[in-house]
Amino acid sequence: MLTPAHIAALQTISRLAAKEPGLVWALTGSTSFALQGMDVQAHDIDIQTDEASAYKLGALLKEYITEPVRFWGTEKMRSHFGRFQIGGAEVEIMGDIEKRLLDGRWQEAPGLGALTRYVDFEGMRLPVLSLRYEAEAYRTMGRTARAEEIEQYVKGEVAL
């Protein structure tokens, strides 16, 4: 479920992203799940990009910045990360996101092109990461309950 604040923020992001041809981006997390029909409440708006697009999108959203895009990470994840506040919605950009594997190596950032689907919503055509990929990513992060919820939805075991 998306709030009016989420919808307004998505309209702003979509409008500004259209000004930058070749920008690589896709919605992920709860907003993406809601846009793809899952019965979840969207929290923030998470956007995955490649490294260059993280900085380009950050520049397009400069008037909404709360944390500039920079390379940042934790023990489990690292990316070119920035945070923005668009109206009442928090937006996070993660460029070339890498996740630490169980053996300690870093998983290479995924190529988003093959993982991206498009959803038509409120007059916008929004890029979202495929739910199959999302389930795999959550499993890699050790968030198996969320991975299983997504997998059940994809299999049609959860009612729309």
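Sequential numbering from 5 applies to the sequence shown in this note's numbering.
Just so it is clear, CB atoms sit at the ideal spot from N, CA and C, and this is done for glycine as well.
Annotation for residue 132: 30, 31, 32, 36, 39, 40, 120, 121, 122, 123 place their beta carbon closer than 8 Å to its own, counting only its chain and skipping 5 residues before and after.
Here the segment 12 to 22 makes contact with the segment 90 to 102; the two share three or more CB pairs at distances below 8 Å.
Separation of the CB atoms of residue 20 and residue 65 is rounded to 6 Å, and the pair is thereby assigned contact status at 8 Å. 9 Å or more divides the Cβ of residue 10 from the Cβ of residue 53. Residue 100 is classed as buried because its beta carbon has at least 16 other beta carbons within 10 Å across all chains shown. For residue 109, the closest C-alpha among the options 81, 130, 43 is that of 81. Of all alpha-carbon atoms in 107, 114, 44, 69, the one lying nearest the alpha-carbon of residue 5 is that of 44.
As DSSP reads the structure, residue 103 sits in a beta bridge with 81, 111.
For residue 131, the enclosing beta strand (DSSP E) covers residues 128 to 133. Its chain contains 6, 10, 34, 35, 38 as the residues whose beta carbon lies nearer than 6 Å to that of residue 46, once the 5 sequence neighbours on both sides are disregarded; these appear in chain order. Contact between residue 28 and residue 57 is confirmed by a C-beta separation of about 4 Å, below the 8 Å threshold.
A residue is called buried once 16 or more other Cβ atoms fall within 10 Å of its Cβ, and residue 159, having fewer, is exposed. Listed in chain order, the non-local C-beta contacts of residue 126 below 8 Å within the same chain comprise 11, 14, 15, local neighbours out to five positions each way being set aside. DSSP places residue 52 in the strand class (E or B) of the three-state scheme.
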